[in-house]
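Each remark here refers to the structure printed beneath this line.
2 protein chains.
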Amino acid sequence: MSTTPAIIAVDWGTSSFRLWLMSNDGTVLSEHRSDEGMNEVAERGFETVLESHLSALSIPETLPVVICGMAGSRQGWVEAGYIDTPADVTTISRHATIVPDVARQIIIIPGLAVRSMSEPDVMRGEETQLLGAHLEMPGGERYCMPGTHSKWVSMDGAMVTGFETFMTGELFATISARTILVHSTGGEGPVDANDPAFLTGVRDGWTRPEKTTHHLFSIRAAQLLHDRGPDENRARLSGLLIGAEFAGAGIKGEEQIALVASGALHRLYQAALSECGVQVRDIDADVAVRSGLVEAWHRFSNRSGDLKRA
Amino acid sequence: MSTTPAIIAVDWGTSSFRLWLMSNDGTVLSEHRSDEGMNEVAERGFETVLESHLSALSIPETLPVVICGMAGSRQGWVEAGYIDTPADVTTISRHATIVPDVARQIIIIPGLAVRSMSEPDVMRGEETQLLGAHLEMPGGERYCMPGTHSKWVSMDGAMVTGFETFMTGELFATISARTILVHSTGGEGPVDANDPAFLTGVRDGWTRPEKTTHHLFSIRAAQLLHDRGPDENRARLSGLLIGAEFAGAGIKGEEQIALVASGALHRLYQAALSECGVQVRDIDADVAVRSGLVEAWHRFSNRSGDLKRA
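Those protein sequence lines, which keep their order, are chains A and B. The first sequence: position 14 = 14 (our numbering), numbered continuously. Count along the second sequence from 1, add 1000, and you get the number used in our numbering.
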């Protein structure tokens, strides 16, 4: 286990910034999180924000930085493009974009795209998690990656053969804060994965997804007619949207899914998948993205062979 | 055709106020619309707003007012309660609430409720439209009432046997303005009912409602990968949500539906229902609510028999 700083790994999303100082063998030497996501940073400049974190940690200019996430989008730092599926996650760093005109060596990992005309799709950040997940636990076929925009990914070995995004997390946030349901779901407490209202919601969303926009309104009616409280209503809303996602992903039960998640989202999705009879293989999303970033850097710098021998 | 003012009919919703001065036989003598809906009016007071309109029209204090809509909700003027389904729309005015402590005679029509524990539902305003629709064109069995919260109503003669609300209109407004799709659907132009993107959206939402939250994100991806423009994206979003509503309402095609709608919503739903092979009977929503309000007043004041003989 090395304690020599070698790589700075950054997952830079729309609303969050996470930085890890890593050794060459993937040991985490320090961690930095903030809400300086892409939306927050655009005006101050990505380099300014990154260097302020690095100088706070006294990190020398010789250390390279590898970045995944929305920092590589058109509205981000430098556009890192998309690789079309089917795509081998172990080769994504071949297409990494080098950030120009900076003192340090900084690369940004590209996203993946499904370039279909009828149902196109994109991901950015998850491709790096998938690389890490593939290294942590090879052999999975379907990966569920919950979030603001949940991804369901089909893989054959290291090859991403296809994926679908569901707007579950963003719909939950928007519907609970910006529609008539604000009166029924008020407050922002976390949803309890064991709340029967959550699990009933999952089952209703999964078995009758066509009723989702009706079931949403029914949450308001339940408050008016039956005095249902905000915690229960928020749990049901979350369950309905997650269940509808499962229906869209074609979950049949009695199958195995790799769940790439951390924290509260992991608890919710694990409970929800179990409710539908799915066997879950857990992959920690934080571990996966760090492993993916380090591996991508090694492959980019052509040192992965040497390091593994070291 | 009488030209003697006899009744003031008011449809007072969440975001709109519509007032008609009517004769006893239902002739419209004048019309007044504003955006002084419930949300707008709560602070100024309902009576102040109503009387300011009536004095602008020089309407004498002897004329009664009959109101339907959200003015009768708990957050409205005076709570007018709900009648449980099954409910006979010709008898709703028996349960009307008389507004206390006002100079004029003012009544508010109650809403309807489905008091189920698993899928409760409420309506307020549509019950009066249904009374009018029943009078205008008796014999329908299913009514589609599009709007912010679209209603699908089953009737047996004058009896409402059940209904379901879908949050279609509110979801369209919120998703296009408050999620990542704002970048793809920008602007607020009306959706063209003949746009192929609208009709394809209807078909996709109707035949694969379980994919709706995926299809929503795919609108964003289509903009990024294929440069799809905002009009087309907004049309597809509208179509997907309306199609999902049809799936939830159990539309099979080759059936007859009474469409209670006006203006732009009428055009969209008529095109969408036709796309799914449904035969549409048109009932103008404005006409229906006025007829319903006048009929409710007549029945309330026990004068309907006399008037019909006059």
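We treat Cβ as the ideally placed atom computed from N, Cα and C, and that holds for glycine.
Below-8 Å beta-carbon distance, residue i vs any chain B residue
i        : result
A:Arg309 : In this predicted model, A:Arg309 has a pLDDT of only 39, less than 50, meaning its place in the structure is not dependable enough to derive any value.
A:Ala9   : no
A:Glu245 : yes
A:Thr85  : no
A:Gly305 : A caution first: A:Gly305 carries a pLDDT of 43, below 50, which makes its placement in the model unreliable, though a value can still be read off. Judged by the 8 Å Cβ criterion, A:Gly305 is not in contact with chain B.
A:Gly186 : no
A:Gly13  : no
Interface residues of chain A facing residue i [CB-CB closer than 8 Å]
i         : result
B:Ser1218 : Glu119, Pro120, Asp121, Thr165
B:Leu1225 : Tyr82, Ala113, Arg115, Pro120, Val122
Proximal chain B residues relative to residue i, where beta-carbon distance stays under 8 Å
i        : result
A:Lys252 : Chain B residues near A:Lys252: none, gap ~12 Å exceeds 8 Å.
Proximal residues of chain B, C-beta to C-beta of residue i below 7 Å
i        : result
A:Arg178 : Thr1174, Arg1178
A:Ala222 : Pro1120
Any C-beta of chain A under 8 Å from that of residue i
i         : result
B:Gly1248 : yes
B:His1298 : no
B:Thr1168 : yes
B:Trp1020 : no
B:Ala1006 : no
Neighbour list for residue i in chain B, Cβ cutoff strictly below 9 Å
i       : result
A:Glu43 : Near A:Glu43 there are no residues of chain B at all, since even the closest Cβ is about 18 Å away, more than 9 Å.
Residues bridged to residue i [DSSP beta-bridge criterion]
i         : result
A:Pro5    : A:Ser23
B:Asp1284 : B:Ala1261
A:Lys151  : A:Met145, A:Thr165
A:His32   : A:Leu19
A:Trp12   : A:Phe17
B:Val1160 : B:Ala1087, B:Met1155
A:Gln279  : A:Gln256
Per-residue contacts from residue i into chain A (C-beta, under 7 Å)
i         : result
B:Leu1171 : Thr213
Test: residue i CB closer than 8 Å to a CB of chain E
i        : result
A:Gly189 : Absent from the structure is chain E; the protein chains it does hold are A and B.
- Query: What are the residues of the segment 1098 to 1126 of chain B that lie near chain A, defined by any Cβ-Cβ distance shorter than 8 Å?
  - Reply: Ala1113, Val1114, Arg1115, Met1117, Glu1119, Pro1120, Asp1121, Val1122
- Message: So if I threshold CB-CB distances at 8 Å, which residues from the segment 1201 to 1217 of chain B count as touching chain A?
- Response: Pro1209, Glu1210, Lys1211, Thr1212, Thr1213, His1214, His1215, Leu1216, Phe1217
- Task: Determine which residues of the segment 131 to 163 of chain A have a Cβ less than 9 Å from any Cβ of chain B, and write them out in chain order.
- Result: Thr148, His149, Ser150, Trp152
- At 4 residues or longer, and completely inside the segment 41 to 103 of chain A: list those alpha helix (DSSP H) runs for me, N to C. 46 to 56
- Query: Could you give the uninterrupted runs of the beta strand (DSSP E) lying entirely in the segment 106 to 132 of chain A, keeping only those of 3 residues or more?
  - Reply: 106 to 108, 111 to 114, 121 to 123
- Residue ranges of each alpha helix (DSSP H) run of no fewer than 4 residues wholly in the segment 1198 to 1234 of chain B, ordered along the chain? 1212 to 1226
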